[in-house]
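Trainee:
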Amino acid sequence: PKDYGIETWRVKDGVSDGYVNARSGPGSMHSELFRIPAGTGDLPMETCLPPDPGGGKYDWCLMTFMGQQGWVSKNGIERE
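Under the working numbering, think of the first position of the sequence shown as 50, with each following residue one higher.
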């Protein structure tokens with residue numbers, strides 16, 4: 050896994066339904082833990098990994114939002 054240090058990321062404006070899902074693991078088949086609204090910034094990222102088999106085509110990144118950790122598709126976020 051690539052170490053991104055303490056970079057912060059944000060949820061892209063205009064993501065589907067106005068939020069991204071944070072999941073329990075790297076892939077769309079993992080359970081949804083919480084949602085992060087579009088435009089939310091200052092999100093620390095720990096690491097990014099390829100999705101588990103069947104979990105989509107984009108990498109998934111471990112993010113922290115309001116004290117909770119979850120995996121978010123890299124397709125819905127961008128570096129600040």
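All C-beta atoms, glycine included, are put in the ideal place defined by N, C-alpha and C.
Got a sec? Which residues, its chain only, sit under 7 Å from G105 by beta carbon, not counting five neighbours each side?
Mentor: On the sequence shown, residue 105 is found 56 positions in, with the first residue counted as 1. Here the set comprises G76, S77 and S122.
Trainee: Let me know the beta strand (DSSP E) ranges lying completely inside the region 51 to 92, each 3 residues or longer, listed in chain order.
Mentor: 57 to 60, 68 to 72 and 81 to 86
Trainee: Considering only residues of the same chain and omitting the five flanking positions on each side of Q117, which have a CB-CB separation below 6 Å?
Mentor: Taking the sequence shown and counting its residues from 1, one reaches residue 117 at position 68. The answer, listed in chain order, is F83.
Trainee: From W120 to W109, what does the alpha carbon distance come to, in whole angstroms?
Mentor: On the sequence shown, position 71 is the one that residue 120 refers to. On the sequence shown, position 60 is the one that residue 109 refers to. Answer to the nearest angstrom: the Cα atoms are 6 Å apart.
Trainee: Quick one: measure Cβ to Cβ for W58 and M115, integer angstroms, because I've assumed they're closer than 8 Å.
Mentor: Against the sequence shown, residue 58 aligns to sequence position 9. Against the sequence shown, residue 115 aligns to sequence position 66. About 15 Å separates the two Cβ atoms, so there is no contact after all.
Trainee: For G119, does the three-state DSSP call read helix, strand or coil?
Mentor: The count along the sequence shown starts at 1 and reaches residue 119 at position 70. In the structure shown, G119 sits in a strand (DSSP, three-state: E or B).
Trainee: Tell me, to the nearest whole angstrom, how far the beta carbon of S133 is from that of R72; I am working on the premise that it is less than 8 Å.
Mentor: Residue coverage of the chain in this structure runs from 50 to 129, which leaves residue 133 outside it and unanswerable.
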